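J.:
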Amino acid sequence: RKADIGLIGLAVMGQNLVLNMNDRGYSVAVHNRTVSKMTDFLQGPAADRSILGAETLEELVEHLSSPRKIMIMVKAGETVDTYIERLLPLLEKGDIIIDGGNSHYPDTERRTTLLESKGLFYIGTGVSGGEEGARRGPSIMPGGSSQAWPAVKTLFQKIAAKAADGTPCCDWVGTGGSGHYVKMVHNAIEYGDMQLISEAYHIMKNLLGMSCDEMARCFDSWNRGRLESYLIEITAAILRTRDEDGSPLVEKILDAAGQKGTGKWTVVDAAHLGVPVTLIAEAVFARSLSARTDERQRAAAILGDTAPALPDLNDSEKARILEDLEAAVYAAKITSYAQGFMLIREAAREYSWEIDYGAVAGMWRGGCIIRSAFLEDITAAFAENRELENLLQAPFFSGIMAETLPSWRRTALRAIEAGLPIPALSSALSFFEGYRSERLPANLLQAQRDYFGAHTYERVDRPRGEVFHTNWTGTGGDVASGTYNA
Ligand code: NBP
Numbered sequence: 009r010k011a012d013i014g015l016i017g018l019a020v021m022g023q024n025l026v027l028n029m030n031d032r033g034y035s036v037a038v039h040n041r042t043v044s045k046m047t048d049f050l051q052g053p054a055a056d057r058s059i060l061g062a063e064t065l066e067e068l069v070e071h072l073s074s075p076r077k078i079m080i081m082v083k084a085g086e087t088v089d090t091y092i093e094r095l096l097p098l099l100e101k102g103d104i105i106i107d108g109g110n111s112h113y114p115d116t117e118r119r120t121t122l123l124e125s126k127g128l129f130y131i132g133t134g135v136s137g138g139e140e141g142a143r144r145g146p147s148i149m150p151g152g153s154s155q156a157w158p159a160v161k162t163l164f165q166k167i168a169a170k171a172a173d174g175t176p177c178c179d180w181v182g183t184g185g186s187g188h189y190v191k192m193v194h195n196a197i198e199y200g201d202m203q204l205i206s207e208a209y210h211i212m213k214n215l216l217g218m219s220c221d222e223m224a225r226c227f228d229s230w231n232r233g234r235l236e237s238y239l240i241e242i243t244a245a246i247l248r249t250r251d252e253d254g255s256p257l258v259e260k261i262l263d264a265a266g267q268k269g270t271g272k273w274t275v276v277d278a279a280h281l282g283v284p285v286t287l288i289a290e291a292v293f294a295r296s297l298s299a300r301t302d303e304r305q306r307a308a309a310i311l312g313d314t315a316p317a318l319p320d321l322n323d324s325e326k327a328r329i330l331e332d333l334e335a336a337v338y339a340a341k342i343t344s345y346a347q348g349f350m351l352i353r354e355a356a357r358e359y360s361w362e363i364d365y366g367a368v369a370g371m372w373r374g375g376c377i378i379r380s381a382f383l384e385d386i387t388a389a390f391a392e393n394r395e396l397e398n399l400l401q402a403p404f405f406s407g408i409m410a411e412t413l414p415s416w417r418r419t420a421l422r423a424i425e426a427g428l429p430i431p432a433l434s435s436a437l438s439f440f441e442g443y444r445s446e447r448l449p450a451n452l453l454q455a456q457r458d459y460f461g462a463h464t465y466e467r468v469d470r471p472r473g474e475v476f477h478t479n480w481t482g483t484g485g486d487v488a489s490g491t492y493n494a
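9 is the number of the first residue of the sequence shown in the UniProt record's numbering; add one for each residue after it.
(1) So who's on the other strand from Gly-14, going by DSSP bridges?
(2) Going along the chain, which residues of its own chain have a beta-carbon closer than 6 Å to the beta-carbon of Ala-488, five neighbours each way excluded?
(3) For the stretch 154-169 against the stretch 391-398, do three or more pairs of beta-carbon atoms, one drawn from each stretch, fall closer than 8 Å, so that the two count as touching?
(4) Just the C-alpha distance for Leu-95 and Thr-64, rounded to the nearest angstrom, thanks.
(5) Flag this pair as yes or no: are the beta carbons of Gly-152 and Ile-167 separated by less than 8 Å?
(6) Go through its chain and collect everything with a Cβ distance to Asp-107's Cβ below 6 Å, but skip five positions before and after it.
(7) Please go through the same chain and pick out, in chain order, the residues whose beta-carbon is closer than 6 Å to the beta-carbon of Arg-248, but skip the five residues on each side of it.
(8) Smallest Cα separation from Glu-207: which of Ala-340, Arg-9 and Gly-266?
(9) Let me know the secondary structure DSSP gives Gly-132 once reduced to three states.
(10) If you check the beta carbons only, do residue 576 and Asp-486 fall under 8 Å apart?
(11) Of the residues Lys-260, Val-292 and Ala-265, which one's Cα is nearest the Cα of Val-275?
(12) Could you tell me if Lys-191 is buried or exposed, where buried requires 16 or more neighbouring beta carbons within 10 angstroms of its beta carbon?
(13) Looking at the unbroken beta strand (DSSP E) that takes in Gly-152, where does it start and where does it end?
(14) Please confirm whether any heavy atom of the ligand NBP lies closer than 7 Å to the CB of Glu-139.
(15) Pop quiz: Tyr-365 and Phe-349 are said to be a contact at Cβ under 8 Å. What is the actual Cβ separation, rounded to whole angstroms?
(16) The beta strand (DSSP E) that contains Asp-107, what's its start and end?
(17) Taking the Cβ atom as the reference point for each residue, do Ala-169 and Gly-145 lie within a distance shorter than 8 Å?
(18) Nearest CA to the CA of Lys-432: which residue from Trp-361, Gln-347, Arg-472 and Arg-470?
(19) Thinking just about the alpha-carbon of each residue, which of Met-29, Asn-30, Asn-28 and Val-36 is nearest to the one in Gly-14?
(20) Quick check on the DSSP output: the beta strand (DSSP E) that includes Ile-59 runs from which residue to which?
(21) With distances taken between CB atoms, is the gap from Leu-215 to Ala-19 smaller than 8 Å?
(22) At the level of alpha carbons, what is the spacing between Glu-222 and Lys-213?
(23) Cα separation between Gly-271 and Ile-288?
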């Protein structure tokens with residue numbers, strides 16, 4: 009019997025996906041560049057299962073039933089192109105190549121066009137959930153050749169996580185690179201969520217003087233409420249973990265954050281599209297600042313360490329500050345997701361994708377790192393109004409914002425007064441205040457632009473599109489600059 013699907017790349021994600029597929033009744037043919045890793049897998053976790061090894065790509069293709077489906081799970085970049093080049097001569101019209109790695113969406117656009125030009129199909133899919141997700145059910149965000157979706161839909165939805173209502177956390181995102189785009193934004197939102205939680209931890213530790221155990225209990229209680237999420241849950245578990253000497257392990261970990269690129273890609277694309285994803289951008293830059301450990305040491309010696317003295321708070325004062333903090337994190341998180349969906353909407357417009365935003369939120373409800381109770385509310389908001397311009401305008405969320413805003417402001421004030429950095433909490437607050445402002449100071453900005461560069465301005469008392477230039481100094485000319493926006 010031929011295998012249902014082939015998979016190339018037997019690292020942590022590939023191996024676990026293969027076992028997951030096999031658990032659901034699919035036979036899988038596998039290949040890995042380093043053959044010994046494949047042999048170890050076949051003799052270890054894959055022993056006594058309908059999983060076939062292939063030492064060459066020819067052999068892999070031979071093992072597969074038609075139309076052939078081959079999933080590539082390797083390091084993103086050139087390696088994927090190399091595999092595609094090597095597979096093309098071995099495949100027939102109608103066969104499907106699936107890239108499940110974290111590829112950059114323009115690469116997926118390009119590869120989809122290439123395969124379709126040869127009568128083959130291409131799917132670029134985000135897979136989120138790490139090792140555990142891949143094994144038990146990840147969130148899967150596929151896009152590319154729409155004609156290929158029916159051929160993989162059942163398999164993908166069977167191996168995917170299921171939301172609380174039983175819906176698979178996998179649905180067709182759209183054409184071209186849209187699946188990988190949505191995965192990219194998912195990862196960037198993950199950066200934002202992690203940064204917000206880290207800022208809350210920083211405030212708890214430095215402003216309130218809480219111990220790791222106390223903080224763990226606080227995150228546990230948050231996890232029983234509206235902030236219930238995987239990341240809050242693991243934060244509590246991390247804070248409880250002890251090093252060999254019995255002290256909290258987290259305090260021994262160097263404060264230099266790594267990043268693999270999806271956050272950066274998001275910020276670059278958002279700048280390109282003119283979408284203010286401020287919380288995500290701050291989360292990316294907060295990692296960059298953290299990584300400059302040596303420079304921060306030197307700066308701390310000159311500029312003074314910002315750690316404040318612990319105030320003498322009684323229990324009720326402390327509880328009130330924590331209540332505000334929880335509300336602030338929640339409000340900032342809503343704002344971050346609103347920004348993320350603003351970006352996906354703008355990208356869909358720019359790159360001609362038809363994306364169902366409710367379905368995207370639905371796919372993130374289970375399996376992935378940002379899974380949370382709150383994604384149910386986002387799914388519901390888009391279900392209620394498919395044309396929703398922005399999450400912050402949905403009645404459910406606008407109500408929460410009104411209720412939490414005072415707590416958010418108080419939290420930001422306390423942190424700023426104590427000299428604690430809160431880039432995500434504070435920038436999202438400023439974004440929110442700007443977003444809900446009928447009038448911003450950009451009138452002055454336009455005047456400045458016209459003053460020094462004759463860039464022209466529009467007037468509030470004249471129709472949009474009509475432009476004016478003032479000879480501000482009396483010595484400038486009457487020639488205006490072009491009115492285009494970059
Ligand atoms: P890695 O991203 O570490 O990639 C390892 C795989 O790539 C191995 O099979 C390795 O083969 C192969 N590979 C490399 Br590296 N260079 C190669 C080359 N020049 N030619 C052929 N094969 C090459 O594995 P992973 O962590 O399982 O992730 C796989 C994909 O899934 C990545 O795109 C990743 O970004 C994405 N992803 C990862 C996670 C996660 O939590 N780890 C989550 C979601 C998505 P070898 O065995 O011969 O070295």
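Glycine residues also receive a C-beta, built at the ideal position from the N, C-alpha and C atoms.
This one's a predicted model, so the numbers in the text were calculated from it and none came from an experiment.
T.: To lay it out plainly:
(1) Looking up residue 14 in the sequence shown gives position 6. Assignment of beta-bridge partners to Gly-14 by DSSP yields Ala-37 and Ile-78.
(2) By one-based count along the sequence shown, residue 488 stands at place 480. Cβ neighbours of Ala-488 beyond the five flanking positions: Ala-462, Thr-464 and His-477.
(3) Short answer: they don't touch.
(4) Taking the first residue of the sequence shown as 1, we reach residue 95 at position 87. Taking the first residue of the sequence shown as 1, we reach residue 64 at position 56. Distance between the alpha carbons of Leu-95 and Thr-64 is about 11 Å.
(5) In the sequence shown, counting from the first residue as 1, residue 152 sits at position 144. In the sequence shown, counting from the first residue as 1, residue 167 sits at position 159. No, these two residues do not count as a Cβ contact at 8 Å.
(6) Counting from 1 along the sequence shown, the entry for residue 107 is found at position 99. Answer for Asp-107: Ile-80, Val-88 and Gly-132, listed in chain order.
(7) Here residue 248 refers to the residue found at position 240 of the sequence shown. Closer than 6 Å at the Cβ level, and outside the excluded window around Arg-248, lie Ala-224.
(8) Numbered from 1 along the sequence shown, position 199 holds the residue referred to as residue 207. Minimum Cα distance to Glu-207 is reached at Ala-340.
(9) Walking along the sequence shown from the start, residue 132 turns up at place 124. Note: Gly-132 maps to strand in three-state DSSP.
(10) Any question about residue 576 goes unanswered here, given that the chain covers just 9 to 494.
(11) Along the sequence shown, read from residue 1 onward, the residue named residue 275 stands at position 267. For the options Lys-260, Val-292 and Ala-265, the alpha carbon positioned closest to that of Val-275 is the one of Val-292.
(12) Position 183 of the sequence shown, counted from the first residue, corresponds to residue 191. Around the Cβ of Lys-191, a 10 Å sphere holds 16 or more other Cβ atoms; the residue is buried.
(13) Position 144 of the sequence shown holds residue 152. Run containing Gly-152: 147-152, per the beta strand (DSSP E) assignment.
(14) Residue mapping note: residue 139 aligns to position 131 of the sequence shown, counting from 1. Yes, the Cβ of Glu-139 comes within 7 Å of a heavy atom of the ligand NBP.
(15) Position 357 of the sequence shown, counted from the first residue, corresponds to residue 365. Position 341 of the sequence shown, counted from the first residue, corresponds to residue 349. With a beta-carbon spacing of about 6 Å, Tyr-365 and Phe-349 fall inside the 8 Å limit used to define contacts.
(16) The sequence position of residue 107 within the sequence shown is 99, counting from 1. Unbroken beta strand (DSSP E) run through Asp-107: 104-107.
(17) The count along the sequence shown starts at 1 and reaches residue 169 at position 161. The count along the sequence shown starts at 1 and reaches residue 145 at position 137. In this structure, Gly-145 lies closer than 8 Å to Ala-169 by Cβ.
(18) Residue 432 sits at position 424 when you count from the first residue of the sequence shown. A small correction: the amino acid at residue 432 is Ala; Lys does not occupy that position in the sequence shown. For Ala-432, the closest alpha carbon among the candidates Trp-361, Gln-347, Arg-472 and Arg-470 is that of Gln-347.
(19) Numbered from 1 along the sequence shown, position 6 holds the residue referred to as residue 14. The closest CA to that of Gly-14, considering only Met-29, Asn-30, Asn-28 and Val-36, is found on Val-36.
(20) Translated into positions along the sequence shown, residue 59 becomes position 51. Looking at the DSSP string, the run of the beta strand (DSSP E) that includes Ile-59 is 59-61.
(21) Looking up residue 215 in the sequence shown gives position 207. Looking up residue 19 in the sequence shown gives position 11. The Cβ atoms of Leu-215 and Ala-19 lie no closer than 8 Å to each other.
(22) In the sequence shown, residue 222 corresponds to position 214, counting from 1. In the sequence shown, residue 213 corresponds to position 205, counting from 1. Using only the alpha carbons, I get a separation of about 10 Å.
(23) Position 263 of the sequence shown, counted from the first residue, corresponds to residue 271. Position 280 of the sequence shown, counted from the first residue, corresponds to residue 288. So the two alpha carbons sit approximately 7 Å from each other.
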